[in-house]
Structure formats: structure tokens, C-alpha cells
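Residue numbering for the sequence shown follows the working numbering, beginning at 41 and increasing consecutively. Glycine included, every Cβ here is placed at the ideal spot set by N, Cα and C. Single-structure report; data block below.
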Amino acid sequence: MLASIPQAIPSTWQEALRFLSSPFTWILDSQKFLLGFAVTGNTGWEILLKALFILLPTALLVAALWCTVLSAYTLPFRSGRGGFLIAMVMSWWDALRMMVFYWAGLVRFVVVVLSWLWGLLKLGGSLFIRFIKFIFTRPFALLDWATKQYFQPGVPWLAFIFILFWSALEATIFTFTLRPTVSELFADIIGGEVSGLVVSLILWPFLFLIISGSFAAIQVLGEAIKSRQTSRIVGMVIAEAAVMFFEVVFLYRELIDAITPWISSQTGVQLGFFWTLALASFGWAGVRAMTWFLFGRFGTPALLGILARQNIAGAQGASAVAPIEPDFWKGPIDALKREATWFKQEAREVFGLISLPVLQLLAAGGNFAIVVIRGHPIFTLPFRNLDAVEAATPQMTPSGKHVLPGGAP
Numbered sequence: 041m042l043a044s045i046p047q048a049i050p051s052t053w054q055e056a057l058r059f060l061s062s063p064f065t066w067i068l069d070s071q072k073f074l075l076g077f078a079v080t081g082n083t084g085w086e087i088l089l090k091a092l093f094i095l096l097p098t099a100l101l102v103a104a105l106w107c108t109v110l111s112a113y114t115l116p117f118r119s120g121r122g123g124f125l126i127a128m129v130m131s132w133w134d135a136l137r138m139m140v141f142y143w144a145g146l147v148r149f150v151v152v153v154l155s156w157l158w159g160l161l162k163l164g165g166s167l168f169i170r171f172i173k174f175i176f177t178r179p180f181a182l183l184d185w186a187t188k189q190y191f192q193p194g195v196p197w198l199a200f201i202f203i204l205f206w207s208a209l210e211a212t213i214f215t216f217t218l219r220p221t222v223s224e225l226f227a228d229i230i231g232g233e234v235s236g237l238v239v240s241l242i243l244w245p246f247l248f249l250i251i252s253g254s255f256a257a258i259q260v261l262g263e264a265i266k267s268r269q270t271s272r273i274v275g276m277v278i279a280e281a282a283v284m285f286f287e288v289v290f291l292y293r294e295l296i297d298a299i300t301p302w303i304s305s306q307t308g309v310q311l312g313f314f315w316t317l318a319l320a321s322f323g324w325a326g327v328r329a330m331t332w333f334l335f336g337r338f339g340t341p342a343l344l345g346i347l348a349r350q351n352i353a354g355a356q357g358a359s360a361v362a363p364i365e366p367d368f369w370k371g372p373i374d375a376l377k378r379e380a381t382w383f384k385q386e387a388r389e390v391f392g393l394i395s396l397p398v399l400q401l402l403a404a405g406g407n408f409a410i411v412v413i414r415g416h417p418i419f420t421l422p423f424r425n426l427d428a429v430e431a432a433t434p435q436m437t438p439s440g441k442h443v444l445p446g447g448a449p
């Protein structure tokens with residue numbers, strides 16, 4: 041378009057017009073080359089990197105060239121030419137500085153992001169290690185708490201452990217004894233075979249509770265006899281007889297049936313229903329008597345006291361035990377609440393790291409335009425933070441004047 045303008049004027053003015061418009065022609069060619077280089081590339085990554093690192097500084101350079109050339113045409117008509125030239129030179133100095141600060145700001149932002157990621161990785165690793173520590177130490181902490189709460193001086197904790205061990209042992213023995221019968225029962229009910237492991241997983245806890253309850257029934261019967269309350273004694277004798285009948289018929293009878301072939305092969309005697317129940321009853325009475333007098337009479341009160349959350353008779357008063365605090369989650373949550381303000385400040389700082397380099401380039405370009413119009417820049421660069429950007433942004437008054445937030449015109 042500039043090349044066609046001289047053709048429309050007299051030939052005597054064409055050379056002068058070409059001379060005057062030659063800077064604009066040079067700027068247009070330079071602008072095409074610079075911006076074309078900044079937005080083109082062989083790969084998408086190259087275009088992205090150029091757009092990130094080169095496009096904005098190149099746009100500022102093109103704007104500075106346009107404003108400088110335009111100001112040269114206004115120089116003969118200005119009164120304070122010395123101050124104007126100084127302002128233009130300082131604008132170039134600010135523009136070059138803001139380009140360097142832009143690249144430095146990008147590097148700083150990358151470093152800060154990497155440091156944040158490293159901090160998050162360390163935080164995640166710390167929480168993971170803390171979680172693993174919590175998993176492995178919490179059972180011991182609970183055991184220590186239970187020990188301090190229940191196993192105080194005077195509590196027969198060894199007998200308590202023995203009664204749990206014996207109940208588990210009996211449950212294991214009778215699980216293997218009853219598993220064929222129970223498997224057949226389940227097969228008849230559901231119409232298919234059931235895995236032996238599934239039967240054992242169902243049967244073992246059931247037997248463990250029954251055997252532990254047998255010791256508890258003996259303990260309650262003994263307390264009833266000590267209290268000399270006839271009605272209570274009669275009731276507990278009936279209850280204990282029911283417990284004995286259940287265990288003899290369903291547990292110990294199966295054990296006697298398992299050894300009946302050996303008895304028959306050794307003696308030639310075939311045990312009938314009566315003798316099978318008699319041997320099972322004697323077996324139950326013998327086992328319960330031996331275990332009761334050895335550890336059952338000491339461990340059963342401890343077991344009942346723990347289940348009822350009561351101190352055991354004969355134990356000393358429990359010292360005050362601090363409750364187990366959920367430090368695993370309460371500590372981080374409290375820290376998060378305390379640091380809410382810090383998170384807001386960090387978010388503002390990150391936003392400043394992203395926006396300040398761009399705003400400084402825009403302000404440097406705006407200074408060139410303001411220098412051409414008013415003869416002096418309006419922004420003092422560089423900006424230290426976002427507050428400095430807000431303080432340096434002029435505002436329009438009702439009279440049409442631009443003033444800074446501080447009140448300076």
C-alpha cells in the first residue's frame with residue numbers, strides 16, 4: 041500500500057515521500073520477519089516454545105519500533121525535546137530490561153513449580169511413611185492401652201491368655217472333627233458341595249464362642265453356689281446341664297465316634313448309643329475339670345471383666361490413661377486450618393509469578409505509547425508485586441484526567 045501512494049502524487053514530491061516513508065517500509069518488513077519467526081516452527085513443541093519465550097518480547101520490540109519512528113516525526117514540533125529524547129531512551133532501557141525480566145520470570149516460575157512439586161512429593165512420602173508406621177504401630181499402641189487398662193497388678197493375665205489359647209485349640213480340634221458332618225449338612229441344604237475352607241471359616245469362630253461360653257457358664261454357676269441363692273443355683277444347674285448336653289452331643293460325641301473303631305479293634309466291644317454318650321460326658325467333665333482348676337477359674341473372670349469393661353476383682357485401681365488421639369489425621373487437618381492464610385498468600389504469589397512478567401511487557405509497550413503522546417512514561421518499572429501494578433494503574437476522574445490511585449496526576 042505504501043508503494044502505491046507515491047504514484048498518486050506529483051513526481052516532484054515522490055522522492056521526498058519515499059524518504060519519509062522508508063522507516064515505515066522497513067518496520068513493516070521487520071515486523072513481518074520477526075512475528076513470522078515467533079509464530080512458526082517445524083513442530084508443535086517448537087511453535088509452543090517460541091510462543092512462550094519469543095512472541096511477547098517480539099511484539100514489544102515491534103511496538104517500540106513503531107512508537108520510536110512515530111515520535112521522530114513529532115520531534116520538530118515538541119518544545120521539551122531533550123526531556124522527550126531522554127524519556128524515549130529510558131523507555132527502550134525499560135523495554136530491554138522487561139524482556140530480560142520476562143525470561144527470568146519464566147525461569148523463576150518453573151523453579152518455583154518444581155520446588156512445589158518436590159515439596160508435594162516429600163509431603164506424600166512423609167504421609168505414606170506415616171501411614172505405614174500407623175499400620176504397624178497402632179496395634180501395639182492399642183495392645184499397650186488395653187494392657188494398661190485391664191492387665192494391672194493382680195489381674196491373672198497369663199491365665200487369661202491360656203483360656204483363649206485353649207478355646208482356640210479346642211475349636212480347631214472340633215472343627216476338623218465336625219467338618220465332614222457339617223459339609224454334608226450344607227450340601228443337603230444348598231444342594232451342592234461346599235468347600236472345606238468355607239466350612240472351617242464358619243465353624244471355627246462358632247466353636248470358639250461356644251467353648252469360651254462353657255467356661256463362662258461354669259464361672260457363673262460357681263458364683264451362684266457362693267451366693268447360696270437356691271433359685272439362682274437351680275437355674276444355673278439347668279443352664280450348665282444344657283451346655284453340657286450340647287457340647288457332649290454335638291462335639292465330644294463326634295470325638296468318641298472317631299476313636300470307636302480303635303476301641304472296637306482293641307477290645308472287640310461295640311459301643312452303643314448310651315456308652316458313647318457316657319464316654320463323651322466323662323470326657324467333657326474331665327477336660328473341663330482339668331482346664332478349670334489349672335487356669336479356667338483364674339482366666340474366666342478376667343475374660344468376663346474385659347468383655348464387660350469392668351475392673352477385675354483384686355486388681356489395683358487403674359491409673360488415668362490418656363485417650364488415644366487420632367494423630368494420623370487430626371494433626372494434618374489442624375495444620376491445614378492454621379495455614380489457610382499461608383495458602384492464600386502462596387496462591388497470590390504463584391499468580392504473581394505467572395502474570396507479572398506479562399504485565400511488565402505490556403506496561404513497557406504502554407510506556408512507549410504514553411511517551412509519544414505525553415512526553416513521559418506513566419509506569420515505573422519493574423513491578424515488585426501485584427500491589428505495585430494496582431498502585432501504578434491510572435484511573436479516570438470525572439473531569440477526564442488520569443490520576444494514580446495515590447492521587448498524583
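Tell me which residue opens and which closes the alpha helix (DSSP H) that residue i is part of.
i: Ile251; result: 236 to 267
i: Arg337; result: 337 to 347
i: Glu233; result: Per DSSP, Glu233 belongs to no alpha helix (DSSP H) and is neither H nor E.
i: Ile273; result: 270 to 287
i: Leu110; result: 95 to 114
i: Leu334; result: Leu334 -> no alpha helix (DSSP H), and no H or E assigned at all.
i: Leu426; result: 426 to 432
Could you check the C-alpha separation between residue i and residue j for me, to the nearest Å?
i: Leu198; j: Ile346; result: 14 Å
i: Trp143; j: Phe168; result: 37 Å
i: Ile364; j: Leu344; result: In this prediction, Ile364 has a pLDDT of 48, which is less than 50 and means its spatial position is unreliable; nothing more can be read from the coordinates.
i: Thr300; j: Phe314; result: 13 Å
i: Val411; j: Phe77; result: 28 Å
i: Thr340; j: Ala211; result: 17 Å
i: Val222; j: Val239; result: 7 Å
i: Gly120; j: Arg388; result: 42 Å
i: Leu125; j: Leu89; result: 35 Å
i: Leu399; j: Leu163; result: 33 Å
i: Ala264; j: Ile172; result: 49 Å
i: Met276; j: Ser252; result: 16 Å
i: Leu317; j: Glu224; result: 22 Å
i: Gly236; j: Ile230; result: 15 Å
i: Val147; j: Leu401; result: 16 Å
i: Gly406; j: Leu136; result: 14 Å
i: Leu421; j: Ala428; result: 10 Å
i: Thr65; j: Phe419; result: 30 Å
i: Phe338; j: Thr331; result: 10 Å
i: Arg268; j: Val274; result: 11 Å
i: Gln259; j: Lys266; result: 11 Å
i: Trp156; j: Gln385; result: 14 Å
i: Gly122; j: Phe73; result: 33 Å
i: Ser271; j: Phe322; result: 27 Å
i: Phe226; j: Phe286; result: 20 Å
How should residue i be labelled, buried or exposed, when 16 other C-beta atoms within 10 angstroms of its C-beta is the threshold for buried?
i: Trp324; result: buried
i: Asn425; result: exposed
i: Glu86; result: exposed
i: Asn82; result: exposed
i: Ala281; result: exposed
i: Pro97; result: buried
i: Arg178; result: exposed
i: Ile203; result: buried
i: Leu249; result: exposed
i: Pro116; result: exposed
i: Tyr113; result: exposed
i: Asn348; result: In the sequence on display, residue 348 carries Ala and not Asn. Classification of Ala348: exposed, given that the 10 Å Cβ count is below 16.
i: Gly134; result: Note that residue 134 corresponds to Asp in the displayed sequence, not to Gly. So Asp134 counts as buried.
i: Gly392; result: buried
i: Leu160; result: exposed
i: Phe423; result: buried
i: Ser70; result: exposed
i: Phe176; result: exposed
i: Trp206; result: buried
For the putative contact between residue i and residue j, defined by C-beta atoms under 8 Å, what is the C-beta separation to the nearest angstrom?
i: Ala257; j: Val288; result: Actually they do not touch by this definition, with Cβ atoms about 14 Å apart.
i: Phe200; j: Ala342; result: 4 Å
i: Val79; j: Leu101; result: About 14 Å; that fails the 8 Å criterion.
i: Leu218; j: Glu294; result: 6 Å
i: Ala127; j: Gly415; result: 6 Å
Figure out for me which residue from the options has the closest Cα to the Cα of residue i.
i: Glu430; options: Trp66, Met128, Ala409, Ala403; result: Ala403
i: Gly520; options: Ser254, Glu386, Ala387; result: Lying outside 41 to 449, the shown extent of the chain, residue 520 is not represented and no answer is given.
i: Leu247; options: Ile418, Leu209, Gly84; result: Leu209
i: Leu92; options: His416, Ser395, Phe408; result: Ser395
i: Leu105; options: Leu115, Ile67, Gly84; result: Ile67
i: Gly262; options: Phe214, Ile201, Ala329, Asp297; result: Ala329
i: Ala409; options: Phe174, Val109, Phe290, Gln71; result: Val109
i: Val150; options: Leu74, Pro397, Thr420; result: Pro397
i: Leu154; options: Ile413, Ile418, Val390, Val129; result: Val390
i: Leu291; options: Phe174, Phe214, Ser111; result: Phe214
i: Ser131; options: Gly145, Leu334, Ser111; result: Ser111
i: Met284; options: Asp228, Ala227, Gly326; result: Gly326
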